[in-house]
Structures are given as C-alpha cells and as structure tokens.
Amino acid sequence: MPEGDLSNINQDPARPDLSNINQDPARPDLSNINQDLNELGAHQGMSAALEVRQIEQAERENAALENQGENQADQNIDQADDDYWYKNVYQGDKVPQLTFRAILMGGLLGAVLSISNLYTMLKVGWAFGVAITACVLSFVIWRLIRLVFRNVSDMSILENNCMQSAASAAGYSTGATVGLAFGALLLITGKHQPWTVLAPWTMVSALLGVFLAVPMKKQMINVEKLPFPTGIAAAETLKSLHGKSKEAVTQAYALVAALVAGAITGFLKNGEFAWQLAMKLKIPELIPFKIRWMGVNLEETPGFGFEPSLLLLGAGMLIGLRVTTSMLFGALALYFYFGPWAINIHQIDNPHGLIKQWALWSGSAIMVSSGLTAFALEWKTILRSFSVLKKSPAGAAGANTATTRATTNNDHEDIEVPMRWLVIGIIPLGLASIFLQYVAFSIAPHIGFITVFMSFFLALIACRATGETDVTPMSAMAKITQLTVAALAPRAIVTNLMAASVTANIASSAADLLQDLKSGYILGANPRKQFLAQLSGVFFGVAAVVPAWYLMVPNKAALEAFEPPSVNIWMAVAKALSGGIQNVPETARWGMLIGALLGISLALIDKYTPTRYKKFVPSAMGLGLSWVVPMQNSLAFFSGAVIAEVWTRISRRTGDLYIVPVASGAVAGESLICAMLAIFNAIRELTSH
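In case it helps, numbering that gives the first Met the number 0 puts the sequence shown at residues 0 to 688.
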C-alpha cells in the first residue's frame, strides 16, 4: 500500500461528521430551563430560596452536559483521526519493519555517527542530527550490497525507518551527551570517571528518555499533529529514495561525495604518517594572521587565523548567515578591542588565555541568559506541554465514550506501546539513576529523586519545543536543573553538574524518539516496533561512544587541546552557581553582568520583532559563542554560511536540493576521520609504552 496522504484527513467522506454532535436530538434541550423553572415555581407557589437552588442546580447540570458533549466530540474526533490513519496510512503489518538487518544496519551506522557527533561536540560545540544522514548512507550501502549479492532483497521503507530510529538513538542520544558533563568534570577534577560509571550513566539516562517520550506521542503526534520538522524531513527523504526519484538519488550521492571529501580533508590535516609527510600531503591546521594591534601580537591569541576545514564550512552552511554573521562581529570585537584592552590592563596572564581566563564568562552569560529568557517567553508552549497530563472526564458521557473507544480501538492499541511497558521501564530506570547519582557522585537521594522527577516535566517541555520549532532546548533544561540544585545544594559543584547531565540527557533522548515516531506516523509504521528499534540503538551507541571517549580524550590536556566551547560553558555555569568565581578577573565578572543583560535584551527584541525584520536582529547565541570558541571557528562558520547564501542566490533550485546533503556529508566525513585518527594515535601511544 502506498504511503497515505494526511493532508485531507478532515475532508475524508468516510470519516464520521461530528460537527453537529452538540445538537444531538436525543440530548435534552436545556436552553430555556430557567424560564421553565420560574413558571413552575410561580404556579406551585415555591419559596424563593428553593427556586434559586433549583435554578442553580439546573444550570450546573446544563454546564456539565455541555462540557461532556464537548469532550465527547473531541474524543470522537481523535478517534476518527486514529481510525482514518489506521485504515488508510498504516502499513506496519503489510511490509517488513523490525528486522535484524534493519537494527544491525541502524545500530552500526549510529555507532559510527555517535563518534562523529562526539568529535563535533568537542570541536565546535554542536551536535548534528543523524537520522537523514543514516537514511542516505543506508540506501547507498544497501545498493552496494545488492551489487555483490544479487539475491538480497531491498530493505522496505519501514525497515529503513526502523533503521534510522536505531541510528538516531545510537548517534544522537549518546554521542552528543557524553562529552558535556563528563568533559566539564574532567576539566574541574583533572581525572576521568571510570567506564563503570560512564557507561551505565549514559545508558540509563538515554533509556529513561525513550520511555518518558511514549506518553507524549499520542497527544503531540496523533492528536495535535505537531510538525517535528526533522521527522518530516526524514520521512520525505525515505519516500524519495524508495520512489527512486532521480533528484533523491543524486542527493544521496552528493552526500557521499561530500563525506569522502571531508574524510580526505581531515586525514590530510591530522594524519602524521611518514609517507604522507614525505609527499608533503599535509593541510595546515591553521593559517595564522600575523597582525599586531593595540600593542598585542594577535597571532598569540587562540585561533587567530583561518582553519581550512570542510567540517567548519559545512557547519556554517547548516547554521545559517544570521548566527554566523553575529559570530564574526563578536569575534572581531573581542580580538580587536576587548581582548587587547583586557591584556593591556593585566586582566589576562598571556594572550593565549584570552578565552579561557576572561572572554568565556561574558560569552556564557549571553547564551545562558538569552536561552532562559527565550524559554520563559514561550510560556504558552510550556503550558501546552502539560496537556498530555489531562484526564478524561468522568461521568456517564465519559463512560460511554470509553466503552465506545474500547470496542473500536483494540487494533490501534495493539500497535501502541503498552502502559505496562512504561511502568516496567520507568520505575527501575528511575531508581537506577538515583542509585548511580548517589554511588558515583555522592548526590543525596532526595536530590537524585528531584532530578529524575523534574526530568519528566522538562522532557515534556523539550519535546513540545522540538515539535513546534525543531530545536531541542537541551542547554536550557540543564540550566533549569542547575539553578534548582544550586538552591538545594549550594557550593556542590559536582552535584550541580551531574544532576544537570541527567535531565539534559533524558530530555534530548525523549525529543529524539518523537522526531522518529513522527517520521513513522507519516509512513504508516508500527510505533511499538519503532520504540523497540530506538531502545536497541541506545546499546549500540553506548558500546561505541564510551571507549571512543577515553581514547579520543585520554587526559585533561587532550581535552583542553580541543578548546571545547560547550564543555567550557557547562563548567563555567557550574562554577558560577556553586560560588566558584572568586578567582575570575573583576572585569570578567562585570562582563558576566553586561552579557546577561545583553542576552535578555536580545531575546526580548527577537521575540517582539516582526518576522520579516528578524534577520537584522543580532543572534545572542552567535555573539555569545564567538567569545567561547577560537576565532578560526567563527571565521570558517561565516565563510560556510556565505557559500550557502551565494549558492542559493545563483540557483535556488540546486541550493535547496544539495546544500543540506553536501554540508551534512562534509561534517560527518571530516569529524569521523579526525575522531578515528585521534583514537588511532591514542592506541599507538598506549602500545608503544
């Protein structure tokens, strides 16, 4: 059966017309009840008090009936939507879906991409979604397999959908989160946590997120039909690939070509092999700018130059011109005025400490304050998040509706995730998280309980934000937890950091599952099978990213060599909230205050500026990030965004078709080969001793 079109679901002739449900002739007309009671009271000589009581009682009954009628109408409309989807879109029982090859392919691709995301998180402070990349790579790999083994059948579209669920769980729910809190902890303590802490910590948080997302699926996807744009894009990508459209196949090969180009670039930059050096096949890590300004040799400041990197160019193409322009202007202001000024008044020991000792604090304040302000301004979204918790009305009408739903919805419930699975999953995983927090970091059990309890509500908000905007506010969720824990356990920096890690990981994992379930809803997939695919992907991701973390970052010095922006921000916030900023230069503390005010102001301006003028409003995220990352990142990001903009202006059609796959391939290719080279060098160093 071809994929169903949901665009005309409300106009389907087979769907019951519920528009007149409140005018049901069998329902008593109470519109004139007050007049009738008045006449009855006058006729029988009732007392005025009794008459008033009867009128009030009748009005209450009338209101109750109206509410029941409205709720019954809403429930029947939801039921009709489900019936339509099940009859016209669902094909999960007709074609293969949850197969061994789908899970294996998705798990392996996700495991590889988790290492790629770990590298990009450390290098540029961003994690990129892997679902669409996995779809394209799976398509290409399976084509190659079929060229060799002609008796192997194609993977069905729903198999590939399960594949991308497993890949997404492995690559995004684990790879993007390991380096943040544990990286910040490494910078603070100077030592790694054992794998017996890191592996279960990552696994429990990711699995909890998968389970907590399930109750939200019905409301946000089936009922409200929130967009979840990445989920839609993944579904459309799969439709195009399986439809054998020429453009889709060309996009797939463009992504693979960019991936290979990125891998070659990364190898030529980071490879140290004898034959490579002999042939002078080496791309410089940085092309420095030799400039002296305000008495300071700017070449000695972090990353003052251009880095020839397809990873950074591709990231800039994906991020866009507004954010990257703000990054460029922020970097120019830092390197050509504020930085030299701070160095000249001896607020910084040496130019190389410009970011780590001084600018980091102002940049972090801009991003944190703007993020929390933007989050608070979306209070309607926050309130709507809790619509999932609404209960069905009681009473006769509610009971009748429940009976009707029970008799018509058995088939639907057979494909949804049973509530008993949630109980079996959430309770032991929640207890395991509390236990791990206590044993590994001496986090008091009551704080561990509050952290896990908060995670459900923060995951609700994160999932709705992702569904409406395609942006998962993971950092905002972490900061809310850090603020809460700072009040409960002041000056406990490790508690503050690791509690935030739990809620951020859970919220990110939950939002990721709903993106995948949205894709499955469009394609007619079985959500229960997709849930199982997502669960399986977590194990692949943890198995890959935990050893990769230790090999890629063997010690504190190796992590500092990345100058990891997001890790530094997490560390700075934890220190600030735990009273650890007494050693921060005085001007940097003033910079935190000014940065916070600037972040709040920019968030307010962005919120209330008409859409057509928003592109002229500076990005608080871009400005803040430019004071946290070396200048080479800001310059390369901006260059990538300019390339994408020029490409689109020259040919919008080809730009719309190829910018995203080319940029995604470049990011994945270079980050993956750089991560592999770092791991290879670490292994070589270990074996040489």
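Heads up, the beta-carbon is just placed ideally off N, CA and C, and yes, glycines get one too.
What number of angstroms, rounded off, separates the C-alpha of residue 476 from the C-alpha of residue 172? Roughly 15 Å between the two C-alpha positions.
How long is the line joining the alpha carbons of residue 90 and residue 126, rounded to whole angstroms? Residue 90 and residue 126: Cα-Cα distance of roughly 33 Å.
Is residue 193 helix, strand or coil when you go by DSSP? coil
Closest to residue 320 by CA distance: which of 643, 192 and 120 is it? 643
Which residues bound the alpha helix (DSSP H) around residue 241? Counting along the chain, the alpha helix (DSSP H) containing residue 241 begins and ends at 228-241.
Buried or exposed (CB count within 10 angstroms, at least 16 for buried), residue 65: With a pLDDT of only 48 at residue 65, under the threshold of 50, the placement of this residue in the model should not be trusted, and no figure is reported.
Endpoints, alpha helix (DSSP H) assigned at residue 520: 492-522
Cβ distance (whole Å) where residue 305 is taken to contact residue 662 below 8 Å: Contact doesn't hold; Cβ gap of about 18 Å is too wide.
For residue 693, three-class secondary structure by DSSP: Since the first and last residues shown for the chain are 0 and 688, residue 693 lies out of range.
Reducing DSSP to helix, strand and coil, say where residue 287 ends up. strand
Residue 99: buried (16+ other C-beta within 10 angstroms of its C-beta) or exposed? exposed
Buried versus exposed, by CB contacts within 10 Å (16 or more), residue 426: With fewer than 16 other Cβ atoms within 10 Å, it is exposed.
By the 10 Å Cβ neighbour count, where 16 or more other Cβ atoms means buried, how is residue 419 classified, buried or exposed? exposed
Identify every residue that forms a DSSP beta bridge with residue 292. 295
Ordered along the chain, which non-local residues of its own chain (more than five positions away) have a Cβ less than 6 Å from that of residue 676? Within the same chain, residue 676 has close Cβ partners 269.
From residue 241 to residue 157, what does the alpha carbon distance come to, in whole angstroms? 10 Å
C-alpha gap between residue 178 and residue 82, whole angstroms: 44 Å
CA-to-CA distance, residue 238 to residue 600, given in whole angstroms: 43 Å
Please report the straight-line C-alpha distance between residue 398 and residue 483, rounded to a whole angstrom. Because residue 398 sits at a pLDDT of 40, beneath the cut-off of 50, its placement in the model cannot be relied upon, and the following sentence gives the value as read from the coordinates. Straight-line Cα distance between these residues: approximately 41 Å.
Using a 10 Å radius around the Cβ and a threshold of 16 neighbouring Cβ atoms, would you call residue 444 buried or exposed? exposed
In chain order, what residues of the same chain have a beta carbon less than 6 Å from the beta carbon of residue 130, not counting five sequence neighbours either side? Taken in chain order, the residues that qualify are 163, 167 and 233.
Check whether the Cβ atoms of residue 540 and residue 261 sit closer than 8 Å, and answer yes or no. No, the pair does not count as a contact, with Cβ atoms beyond the cut-off.
Under 8 Å between the Cβ atoms of residue 457 and residue 524? Contact flag unset, no.
Output yes or no for whether 8 Å exceeds the beta carbon distance between residue 481 and residue 576. In contact: residue 481 and residue 576 (Cβ atoms closer than 8 Å).
DSSP-derived helix/strand/coil call for residue 489: coil
Classify residue 344 as helix, strand or coil using the three-state DSSP reduction. coil
For the alpha helix (DSSP H) containing residue 526, list its first residue and its last residue. 526-551
Rounded to the nearest angstrom, what separates residue 330 and residue 80 at their Cα positions? 51 Å
Is it buried or exposed for residue 684, if we count other Cβ within 10 angstroms and need 16 for buried? exposed
Residue range of the alpha helix (DSSP H) that residue 90 falls in? Per DSSP, residue 90 belongs to no alpha helix (DSSP H) and is neither H nor E.
Classification of residue 632 by the beta-carbon crowding that lies within 10 angstroms, buried from 16 upward: So residue 632 counts as buried.
Three or more beta-carbon pairs under 8 Å between the region 450-465 and the region 335-351, yes or no? Between the region 450-465 and the region 335-351, the count of C-beta pairs closer than 8 Å stays below three; the two stretches do not touch.
Considering only their Cβ atoms, is the gap separating residue 353 from residue 370 smaller than 8 Å? no
Residue 192: CB within 7 Å of a non-hydrogen atom of the ligand ZN: Absence of the ligand ZN from the depicted structure is noted, as is the absence of any ligand whatsoever, leaving it without description.
Less than 8 Å between the C-beta atoms of residue 184 and residue 547, yes or no? Cβ atoms of residue 184 and residue 547: not closer than 8 Å.
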